[in-house]
Amino acid sequence: MKSFISIPVVESGLYIFGGHQHTVPGGWSFFEQKHQAFELMCILKGSQTTTLKGLDPMTYGPGSALIIAPGTLHNNRNANKDKEMTYICFHFNFESLGLKSAIISNIANTVIPPDNPIAKASMAAALDIVKYSKAVKLTEEQVNLKIQIRLLAYLYELTEQLAEFTREDQIHFTEREAKIARKMATLIEEGIDKTEHNQFSFGDICNRMDISSGYGHRTFRKVYGMTPLRFIDEKKYRKAKLLLGYVEYSIEDVAYMMGASSISNFSKQFKKWSGITPSEYRKQINPKRTVRSVAQSGHFE
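One point on numbering: in UniProt numbering, the residue at position 134 of the sequence shown is 134, and numbering is uninterrupted.
Shown next as structure tokens:
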């Protein structure tokens with residue numbers, strides 16, 4: 001038996017918003033929009049027509065599911081002018097770039113038929129999330145935890161089923177593009193995680209890889225469904241929240257460790273990310289955390 005088994009660092013970064021179950025009248029439609037997150041659509045009753053930019057309209061009925069990729073312009077309408085339609089939808093995001101890439105290349109932006117295991121898993125997850133959302137005996141914290149656990153279970157189900165799903169119009173990116181995108185993501189993460197306080201730009205990353213910024217931007221978005229600048233912002237926001245959780249660091253310390261030119265600029269940026277100031281965020285943290293090693297080794301006590 002091994003004397004030491006390392007437990008991996010887990011960063012899920014789950015985010016769910018805009019979710020609801022809705023029964024709409026015949027002729028209903030919703031305006032064109034796009035989001036920097038995935039959107040799951042499940043039809044319970046009736047039929048819906050979804051139009052994605054650049055693709056033919058898709059009409060689908062009860063039991064069918066559709067996962068819309070981040071950044072995709074789309075609109076939805078009741079396919080019937082006279083009959084009601086009931087649907088469930090929610091937008092979601094998570095940390096794993098690998099899973100994002102797999103969803104985008106294999107199942108996003110195409111109707112998944114009711115008899116497909118992914119459609120069944122999607123419907124089950126959507127129904128459970130609605131059930132938890134209306135549970136009156138649960139506290140708000142319990143509801144949030146239930147939904148997060150269910151979304152994680154759904155994402156795990158997707159990893160099991162993705163290899164079995166095939167589509168005629170599968171979205172392809174080349175292995176070279178995937179390799180370049182992975183390298184960019186790795187360099188971005190390394191740059192943000194460094195203990196040095198030097199700022200870097202996406203242009204710097206592309207220069208290191210000897211590619212143009214335009215090509216790098218297009219490739220990253222093609223593979224991961226998000227812009228590299230948004231990815232950088234998400235990583236910086238996560239690091240800022242982590243550092244603010246340690247009472248040993250003043251806000252001025254955190255601003256310096258984040259590479260901000262001043263505490264004022266850091267506070268403005270943090271408020272842009274979160275809607276609250278660093279001081280207000282700290283007041284929300286409970287319990288306060290401490291770290292015995294400031295080397296950010298990943299081992300906390």
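Yeah, the Cβ is synthetic: ideal placement off N, Cα and C, and Gly gets one too.
Query: Can the beta-carbon of Ile68 be found less than 8 Å from the beta-carbon of Gly225?; Result: no
Query: Could you give the residue range of the beta strand (DSSP E) that holds Thr159?; Result: Element bounds for Thr159: not the beta strand (DSSP E) but the alpha helix (DSSP H), 140-161.
Query: Is DSSP giving Glu95 helix, strand or coil here?; Result: coil
Query: In three-state terms, what does DSSP make of Glu164?; Result: helix
Query: How many angstroms separate the CA atom of Ile16 from the CA atom of Phe220?; Result: 23 Å
Query: On the premise that Thr23 lies in contact with residue 316, defined as a C-beta separation below 8 Å, what is that separation, rounded to the nearest angstrom?; Result: A question about residue 316 goes unanswered here, because the residues of the chain that appear run from 1 up to 301.
Query: Is Leu244 near Leu151, with beta carbons less than 8 Å apart?; Result: no
Query: Can you tell me whether His217 is helix, strand or coil according to DSSP?; Result: helix
Query: Does Asn80 come out as helix, strand or coil in the three-state DSSP assignment?; Result: coil
Query: Let me check one thing: in DSSP terms, what residues is Cys206 bridge-paired to?; Result: The partner list for Cys206 (beta bridge, DSSP) is empty, contrary to what the question assumes.
Query: On the DSSP letters alone, give me the boundaries of the beta strand (DSSP E) that Tyr15 sits inside.; Result: 15-24
Query: Just to confirm, is the Cβ distance from Lys134 to Thr86 under 8 Å?; Result: no
Query: DSSP three-state call for Ser29: helix, strand or coil?; Result: strand
Query: My output table needs one value for Tyr60: the three-state DSSP class, helix, strand or coil.; Result: strand
Query: What are the boundary residues of the alpha helix (DSSP H) that includes Thr186?; Result: 175-193
Query: Taking the alpha-carbon positions, what's the Ala108 to Met41 distance?; Result: 11 Å
Query: Quick check: the Cα distance between Thr50 and Tyr60, rounded to an integer number of angstroms?; Result: 8 Å
Query: What is the rounded straight-line gap between the Cα of Arg208 and the Cα of Lys236?; Result: 20 Å
Query: Can the beta-carbon of Ser3 be found closer than 8 Å to that of Ala65?; Result: no
Query: What are the residues that DSSP puts in a beta bridge with Met257?; Result: According to DSSP, which records beta bridges pairwise, Met257 is partnered with nothing at all.
Query: Taking Gln48 as the reference, which of His35, Ala79, Pro62, Pro25 has the closest Cα?; Result: Ala79
Query: Is Gln73 buried or exposed, if buried means 16 or more other CB atoms sit within 10 Å of its CB?; Result: The question names Gln, but residue 73 is Leu in the sequence shown. Leu73 is exposed by the Cβ-count criterion.
Query: Should Ala181 be labelled buried (16 or more other beta-carbon atoms within 10 Å of its own) or exposed?; Result: buried
Query: Which residue marks the beginning of the alpha helix (DSSP H) containing Met41, and which one marks its end?; Result: Premise fails: Met41 lies in the beta strand (DSSP E), 38-45, not in any alpha helix (DSSP H).
Query: Which residue or residues does DSSP assign as beta-bridge partners of Phe90?; Result: Leu40
Query: Looking at the strands, I want to know which residues DSSP matches up with Met85.; Result: Val24
Query: Please work out which residues of its chain come closer than 7 Å, Cβ to Cβ, to Leu229, disregarding the five sequence neighbours upstream and downstream, and give them in chain order.; Result: Phe202
Query: Hey, Ile188 and Gln161: beta-carbon distance below 8 Å or not?; Result: no
Query: Going by DSSP in three states, Asn265 sits in which element: helix, strand or coil?; Result: helix
Query: Would you mind stating whether Ser267 and Thr277 have Cβ atoms separated by less than 8 Å?; Result: yes
Query: Out of Ala124, Gly26, Arg282, Trp273, point me to the one whose CA is closest to Asp82's CA.; Result: Gly26
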